[in-house]
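In what follows, a single structure is set out as C-alpha cells and then discussed.
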Amino acid sequence: MRVKRVFLIVLDSLGVGSLPDAEKFGDAGANTLLHISQASSFLVPNLKRLGLYSTCEALQAEAPSPAAAAFRMREASAGKDTIIGHWEMCGIVSSQDMPTYPNGFPAALLQKFSAATGRGILCNRPYSGTKVIADYGEEHLKTGKWIVYTSADSVFQLAAHESIVSRQELYRACKIARELFQGKDGVGRVIARPFAGDPPFVRTDGRHDFALEPPKETLLDVLTASGLAVKAVGKISDIFAGRGITESF
Numbered sequence: 009m010r011v012k013r014v015f016l017i018v019l020d021s022l023g024v025g026s027l028p029d030a031e032k033f034g035d036a037g038a039n040t041l042l043h044i045s046q047a048s049s050f051l052v053p054n055l056k057r058l059g060l061y062s063t064c065e066a067l068q069a070e071a072p073s074p075a076a077a078a079f080r081m082r083e084a085s086a087g088k089d090t091i092i093g094h095w096e097m098c099g100i101v102s103s104q105d106m107p108t109y110p111n112g113f114p115a116a117l118l119q120k121f122s123a124a125t126g127r128g129i130l131c132n133r134p135y136s137g138t139k140v141i142a143d144y145g146e147e148h149l150k151t152g153k154w155i156v157y158t159s160a161d162s163v164f165q166l167a168a169h170e171s172i173v174s175r176q177e178l179y180r181a182c183k184i185a186r187e188l189f190q191g192k193d194g195v196g197r198v199i200a201r202p203f204a205g206d207p208p209f210v211r212t213d214g215r216h217d218f219a220l221e222p223p224k225e226t227l228l229d230v231l232t233a234s235g236l237a238v239k240a241v242g243k244i245s246d247i248f249a250g251r252g253i254t255e256s257f
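Residues 9 to 257, numbered by the numbering used here, are exactly what the sequence shown covers, in order.
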C-alpha cells in the first residue's frame, strides 16, 4: 500500500540517554526522559503505550509491550546542534560539528557587524533568552545597542526592543550577520529575537531563524521534486532555509 501522508513530529530536547561523545558538549549522563519521568505530574499514557519508555534503558522495566515500532538510534553526525540533527533525519550526515562560542564571539567579527549595522554590542556570551533581556533590556533601551548572545547550540542570537528597532531592521541585521558568519565561523543559525513591553520584558512572535543552506539534497527536496506537498510547522522551514518546503505554518 502506498503511503499517502506522513506526520514527522520532533520532540526537541526529549533525549533518552547520552551518546559516547556527550562529555565533549558538557552533556555526560544526560537523560531528559528519565529525569522528567520522576515527576508525579509527568503523564504521557499514549506515548508510553506506543513505546516511548522502551527506548530508555533505565525505564524499560516500566515499559508495556509497544503498540508501535519503537527503537533508539545513535546520531551518525558530529555535533549536537538542532540543524545537524534535523538535516540527518532528512539524509545529510555532517562530518564536522558546527562552531559554538562558550566564551562569546570573536571581537573582529562583532566589530564588522557593528560597523555594518550602525549599533554597538551588549552581552556577547552564552545566556538564557529570557534572562538576557531582563539583564540587558534597560541598557539596550538607553543605548540602542544590540543584545548579542549565544547558547550551547551553534547560534548567533540578536535581541532588540520593538519600540526602537523595527522587525525590518532586526531582520536586515540578521541577514548581515548571516553573511559574516561563514566558513569556520559558519554558525548553524542566526536568530532574530524581538521583545517588547516594560520590565519585565516579553519576547514577541517575531522570531525568525536564518539558517545555513543544506549542503546537498534532502528528503524534503526529493519529496517536493516528486510533486508531493511538504508542509512545515514552526521553525522547520527556517532550519532548512526554506528548501523543499511547499507551505509553512
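Cβ atoms here follow ideal geometry from the backbone N, Cα and C, with glycine treated the same way.
Asked                                                                                                                                                             : Found
Just mark S21 as buried or exposed, buried being the case when its beta carbon has 16 or more other beta carbons within 10 Å.                                     : exposed
Tell me, which residues are paired with K260 by DSSP?                                                                                                             : Residue numbering for the chain in the displayed model covers 9 to 257; residue 260 lies beyond these limits and cannot be assessed.
What does DSSP give as the partner residue(s) for S256 in the beta ladder?                                                                                        : A240
Compute the distance between the beta-carbons of A38 and G23, then report whether it is under 8 Å.                                                                : yes
Does DSSP put F33 in a helix, in a strand, or in coil?                                                                                                            : helix
For the candidate residues G152, A185, T138 and D229, whose alpha-carbon lies nearest to that of A116?                                                            : A185
Determine contact between the region 105 to 123 and the region 56 to 73, defined as no fewer than three beta-carbon pairs at a distance below 8 Å.                : no
Indicate whether R211 and A200 have their beta-carbon atoms separated by less than 8 Å.                                                                           : no
Decide if the region 218 to 227 is in contact with the region 238 to 255; the criterion is three or more beta carbon pairs, one per stretch, under 8 Å apart.     : yes
Jot down the residue ranges of each uninterrupted alpha helix (DSSP H) in the region 168 to 223, minimum 4 residues, whole runs only, in chain order.             : 175 to 188
If you follow the beta strand (DSSP E) that N54 is part of, which residue opens it and which one closes it?                                                       : Element bounds for N54: not the beta strand (DSSP E) but the alpha helix (DSSP H), P53 to L58.
Between which two residues does the alpha helix (DSSP H) containing V156 stretch?                                                                                 : Taken as a continuous stretch (DSSP letters only), V156 belongs to no alpha helix (DSSP H), being part of the beta strand (DSSP E) at W154 to T158.
Does the beta-carbon distance from A240 to S256 come in below 8 Å?                                                                                                : yes
Spatial neighbours of E96 within its chain, please: CB distance less than 8 Å, with the 5 preceding and 5 following residues excluded, ordered by chain position. : E83, A84, S85 and S102
Confirm the yes/no value for this check: CB of G235, any heavy atom of the ligand ADP, distance under 7 Å.                                                        : The model on display carries no ligand, and the ligand ADP is accordingly not part of it.
Please state whether the Cβ-Cβ distance between G196 and D89 is less than 8 Å.                                                                                    : yes
Would you grab the beta carbon distance between L188 and L178 for me? Rounded to a whole angstrom, and I think it's under 8 Å.                                    : So it is not a contact: roughly 16 Å between Cβ atoms.
Does the distance from the CB of T63 to the CB of F50 come in under 8 Å?                                                                                          : no
So what does DSSP say about A15, is it helix, strand or coil?                                                                                                     : Inspection of the sequence shows that residue 15 is occupied by Phe rather than by Ala. Coil at F15, not helix or strand.
Give the DSSP bridge partners of F164, in chain order.                                                                                                            : V198
Cα separation between V230 and R13?                                                                                                                               : 15 Å
Any chance you could list the beta strand (DSSP E) runs of at least 3 consecutive residues sitting entirely within the region 60 to 132, in chain order?          : none
I need the boundaries of the alpha helix (DSSP H) containing A142, first residue and last residue.                                                                : G137 to T151
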